[in-house]
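Below: the structure, in structure tokens.
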Amino acid sequence: MTAKVYESAADAVADIVDGATLAVGGFGLCGIPDVLIDAIAATSATDLEVFSNNCGVDDHGLGILLSAGRIRRVTASYVGENKEFARQYLAGELEVELTPQGTLAERLRAGGTGIPAFFTPAGVGSPISDGGMPWRYDADGSIAIASPPKETRVFGTKRYVMEEAINADYALVHAVLGDTEGNLVFDKTAMNFNPLAAMAGRVTIAQVERLVEPGEIDPASVHLPGVFVQRIVHTGPQNKRIEKRTVSASEGTSQ
């Protein structure tokens, strides 16, 4: 074992304090670092700011911290199936910055590669670039905080909007396989945001289902090199949640 491996999730998140910023991996309910989130929920840390594709569901993932009133602000690409997320936002209890999914992904990646900002065509000519997006509502439904206008610039004949990189105090990610040096492998859809969130964290904490020694993972199979990972928790296989179950009737039965 190396100094990166922690005995428990509680030990790995123990220094996350009030007001910390968190980049959290996962896509829907795929690849959510649920053990790490549960460990934070068991602490007193509050007033958290979260960067994540979505906010889990009401009783799982980031939804647990949200329901407990521990999250102050969320930057996400959509609300998803979390009714409490929508309720807190519309009631003025939560500040929310909605951003295009590809833009969010690139902002996280840019933070990890030292790029302070970039230009993209996504959102040009809309409230994304022009400002006025409701970040926080008042209790009466009026807009308390609106997004500011962003810099735009023409390259060639096309206008682009500038988006700033994301850097977070901590990143929380889930990997199906990792070694004790922090080299990680993600499974299928969990690849969408976990590597990017990991890159954006100043301290990245990974929960891994299977932990092996250095050299046991083919270098060509590594999705995220260990240089981006500071802490590792071996959790074993996790119960996989289904966000929305759809079933069809068997042949010969009525709908």
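Residue numbering for the sequence shown follows our numbering, beginning at 3 and increasing consecutively.
Note that beta-carbon positions come from the ideal geometry of N, C-alpha and C, so glycine has one too.
Note that the structure is a prediction, hence the values are computed from the model and not measured.
First through last residue of the alpha helix (DSSP H) which encompasses residue i
i, result
"Lys85", "85 to 92"
"Leu67", "64 to 69"
"Asp36", "36 to 43"
"Pro129", "129 to 132"
Three-state secondary structure assigned by DSSP to residue i
i, result
"Lys160", "strand"
"Thr115", "helix"
"Pro123", "coil"
"Asp13", "helix"
"Pro150", "coil"
"Phe195", "coil"
"Thr237", "coil"
"Arg72", "coil"
"Thr77", "strand"
"Thr48", "coil"
"Glu218", "coil"
"Phe188", "coil"
"Leu226", "strand"
"Arg247", "coil"
"Gly2", "Nothing about residue 2 can be read from this structure; the chain reaches only from 3 to 257."
"Thr105", "helix"
"Ala167", "coil"
"Leu213", "strand"
"Ala208", "strand"
Cβ neighbours of residue i in the same chain (closer than 6 Å, five flanking residues each side left out)
i, result
"Thr48", "Asp20, Arg72"
"Arg212", "Leu179"
"Ala11", "Val37, Leu38, Ala41, Val235"
"Glu166", "Ala119"
"Gln209", "Pro35, Val37, Leu38, His176, Val235, Thr237"
"Gln103", "Ser79"
"Leu198", "Ala107, Leu110, Arg111"
"Pro151", "Asp132, Gly133"
"Ala14", "Tyr8, Ile207, Arg233, Val235"
"Arg75", "Glu51, Glu97"
Other residues of its chain near residue i: CB distance less than 8 Å, five sequence neighbours each side excluded
i, result
"Met201", "Leu110, Arg111, Gly113, Gly114, Thr115, Ala173, Leu226, Phe230"
"Thr191", "Phe29, Gly30, Cys32, Gly33"
Supposed contact pair residue j and residue i - C-beta distance, whole angstroms, cut 8 Å
i, j, result
"Ser149", "Gly134", "7 Å"
"Ser128", "Thr154", "That pair is no contact at about 11 Å."
"Thr77", "Thr101", "6 Å"
"Leu67", "Gln90", "Actually they do not touch by this definition, with Cβ atoms about 12 Å apart."
"Val52", "Leu24", "5 Å"
"Gly65", "Ala141", "Wrong, their Cβ atoms sit about 22 Å apart, outside the cutoff."
"Leu92", "Tyr139", "6 Å"
Same chain, Cβ closer than 7 Å to residue i, five either side skipped, listed in chain order
i, result
"Ala88", "Val81"
"Thr4", "Thr182, Glu183"
"Trp137", "Glu97, Val98, Glu99, Ile147, Ala148, Ser149"
"Ala124", "Pro102, Gly104, Thr105"
"Ala22", "Ala47, Leu50, Asp171, Tyr172"
"Val44", "Contrary to the premise, residue 44 reads as Ala rather than Val in this sequence. Closer than 7 Å at Cβ, skipping near neighbours: Ala12."
Run of the beta strand (DSSP E) containing residue i, from where it starts to where it stops
i, result
"His263", "Coverage of the chain is limited to positions 3 through 257, which leaves residue 263 absent and any answer about it impossible."
"Arg138", "136 to 139"
"Val26", "23 to 26"
"Glu99", "97 to 100"
* Asked: Are at least three pairs of beta-carbons, each pair with one atom in the region 174 to 193 and one in the region 220 to 235, less than 8 Å apart?
  -> yes
* Are the region 202 to 212 and the region 160 to 171 touching by the rule of at least three beta carbon pairs closer than 8 Å? -> yes
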